[in-house]
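Visitor:
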Amino acid sequence: MSILSGKKVLLAISAGIAAYKTAYLVRLFIKSGAEVKVIMTPASKDFVTPLTLSTLSKNPVASTFYDKEDENELWNNHVDLGLWADLLLVAPATANTLSKMANGTCDNLVLATYLSVKCPVYFAPAMDLDMYQHSSTKNSIEKLQSFGNILIPATSGELASGLVGEGRMAEPEDIVAFIEKDILSKLPLKGKKVLITAGPTYEAIDPVRFVGNHSSGKMGFEIAKAAASLGAEVTLIAGPTNQQVAHAFIKRIDVVSADEMYKAAHQYYNSTDVAILSAAVADYKPKNTASQKIKKKDAALEIELAPTKDILASLGAQKTTQFLVGFALETTNEIANAKGKLTRKNLDMIVLNSLQDKGAGFATNTNKITIIDKELNEIPFDLKSKSAVAIDIINEILNRIDA
């Protein structure tokens, strides 16, 4: 899966013969997992139809601010489009559109949206040889780059005029690859290996029953997604959970017991840059596991429990260059207990959540945390969705590994 998976791509098409390639471009973005919306200059509809692009993108295509033939039609809000997009791609970007972008001319929906976006802007020029080499075009491109817009260079080849030379829009595959590479190069966790544990562990009593807890694994999975979205190569060791994740940068390893999670964590730890142990590992397991189902009797059943291996402490003991993060779920003396665990297990940071806080803990879509670092600084956060909490955790880690 591509780094573009889940991204919102706004494709702006201007009136050049290369517009025919945008149908393939939309398909490639969709195939990469992106959500695509298309806007067009009115003249570009002479080269490719909105019907084709709306069918491929599965979204309506807009080329004007409103439909003059439908007085009840809502206007196409360029501000909303600009806020929606994670990136804007202008392709093909004709000499006319480049000039308007560079000089702030705003006479159609594409230009109004361009002037409104807050996201990165890519542009792929397409025009004939002499037009591409003209000083005014070069000035437009240089000016746009000075704004922070990102040029996807035109290539050389046969042009619509019959001439052969520079000015041909980059091929759709190359445009997508260019954007992917550019995004990756700017991600703060690019090149970092992150180990994450998530979910509960189940400790077998017999082939049917187990000792476990209510952890859903959602927090750990959200952390894995957040780390991968920032370019990290993630190894996600997951206990029994219904959570799902599909990302090119996430390698999932399923385990059941604390012993299995211990072995998997140690297998990958030496090559890890950041380890985040969010799993709710069982502290105890049955000392003896029955090979057959234990039959119900009227008498009480006694099960002798033995401690499981402490994964977090063992990783803290052998820590070298790794940044090690633990979790603490507490019900009393939360801060004191979390700080004790941080020091005792040689952690760089601990994430505390309390079962006393409504909306925090197991089996919820929200969490309320306090982060404590190695200097025992406390950073409290409000109740948020677990996806937002995951971003907070990753940001706090970035603040410390980049310091």
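In numbering that gives the first Met the number 0, the protein residues as written are 0 to 402. The C-beta atom is built at its ideal place from N, Cα and C for all residues, glycine as well.
Going by the CB atoms, is the gap between Ala197 and Ser277 shorter than 8 Å?
Guide: As a first step, residue 277 is located in the sequence shown; it is residue number 278 there, counting from the start. As a first step, residue 197 is located in the sequence shown; it is residue number 198 there, counting from the start. Here Ser277 is near Ala197, since their CB atoms are less than 8 Å apart.
Visitor: So, under 8 Å CB-CB, Gly230 and Pro199 are touching, yes? Tell me the CB distance rounded to an integer number of Å.
Guide: By one-based count along the sequence shown, residue 230 stands at place 231. By one-based count along the sequence shown, residue 199 stands at place 200. The pair is not a contact, with the Cβ atoms about 29 Å apart (cut-off 8 Å).
Visitor: Under a Cβ-count criterion, where at least 16 other Cβ atoms within 10 Å of its own Cβ denotes burial, should Gly358 be classed as buried or exposed?
Guide: One-based indexing of the sequence shown puts residue 358 at position 359. Exposed is the call here.
Visitor: Note the first and the last residue of the continuous alpha helix (DSSP H) segment covering Asp79.
Guide: For the purposes of this step, residue 79 is taken as the residue at position 80 of the sequence shown. Segment His77 to Trp83, the alpha helix (DSSP H) holding Asp79.
Visitor: Return yes when the Cβ of Ile140 is within less than 8 Å of the Cβ of Leu150, no when it is not.
Guide: To locate residue 150, count along the sequence shown from 1; it is residue 151. To locate residue 140, count along the sequence shown from 1; it is residue 141. Cβ distance < 8 Å, so Leu150 and Ile140 count as in contact.
Visitor: To the nearest angstrom, report how far apart Ala223 and Ser184 are at their CA atoms.
Guide: Position 224 of the sequence shown, counted from the first residue, corresponds to residue 223. Position 185 of the sequence shown, counted from the first residue, corresponds to residue 184. Their Cα atoms are separated by approximately 19 Å.
Visitor: Thinking C-alpha only, which one of Phe122, Leu162, Val163 and Glu165 is nearest Gly147?
Guide: Counted from its first residue, the sequence shown places residue 147 at position 148. Looking at the Cα atoms, Phe122 is the closest of the given residues.
Visitor: On the CB-based measure, 16 or more other CB atoms within 10 Å of its CB, does Lys294 come out buried or exposed?
Guide: On the sequence shown, residue 294 is found 295 positions in, with the first residue counted as 1. Result: exposed.
Visitor: Under the rule that 16 or more other beta-carbon atoms within 10 Å means buried, what is Ala227, buried or exposed?
Guide: The residue labelled residue 227 in the question sits at position 228 within the sequence shown. The residue is buried, with at least 16 neighbouring Cβ atoms inside 10 Å.
Visitor: Sort out for me which residues DSSP pairs Lys383 with in a bridge.
Guide: Taking the sequence shown and counting its residues from 1, one reaches residue 383 at position 384. For Lys383, which the question treats as bridged, DSSP gives the partners Asn366.
Visitor: From the DSSP output, in three-state form, read off Lys295 for me.
Guide: Translated into the one-based positions of the sequence shown, residue 295 becomes position 296. Per DSSP, reduced to three states, the secondary structure at Lys295 is coil, with no helix or strand assignment.
Visitor: For the candidate residues Met218, Gly81 and Leu24, whose alpha-carbon lies nearest to that of Val116?
Guide: If you number the sequence shown from 1, residue 116 lands on position 117. Closest by alpha carbon: Gly81.
Visitor: Could you check what DSSP says for Gly164 in three-state terms: helix, strand or coil?
Guide: In the sequence shown, the residue the question calls residue 164 occupies position 165. DSSP, reduced to helix, strand and coil, places Gly164 within a strand of the structure shown.
Visitor: Leaving out the 5 sequence neighbours to the left and right, which residues in its chain are closer than 8 Å to Asn71 when beta-carbon positions are compared?
Guide: Here residue 71 refers to the residue found at position 72 when the sequence shown is read from its first residue. Bear in mind that the predicted position of Asn71 carries a pLDDT of just 49, short of 50, making it too unreliable to give a figure here.
Visitor: Please state whether DSSP places Val350 in a helix, a strand or coil.
Guide: Within the sequence shown, residue 350 is the residue found at index 351, counting from 1. Residue state, collapsed to three classes: strand.
Visitor: Any heavy atom of the ligand FMN closer than 7 Å to the beta-carbon of Lys357?
Guide: In terms of ligand content, the structure shown is empty, and the ligand FMN therefore cannot be addressed.
Visitor: Quick one: Cα of Thr319 to Cα of Val60, how far?
Guide: Along the sequence shown, one-based indexing puts residue 319 at 320. Along the sequence shown, one-based indexing puts residue 60 at 61. For Thr319 and Val60, the distance between alpha carbons rounds to 54 Å.
Visitor: Taking 8 Å as the cut-off, decide whether the C-beta atoms of Thr40 and Asn107 are in contact.
Guide: For the purposes of this step, residue 40 is taken as residue 41 along the sequence shown, with counting starting at 1. For the purposes of this step, residue 107 is taken as residue 108 along the sequence shown, with counting starting at 1. In this structure, Asn107 lies closer than 8 Å to Thr40 by Cβ.
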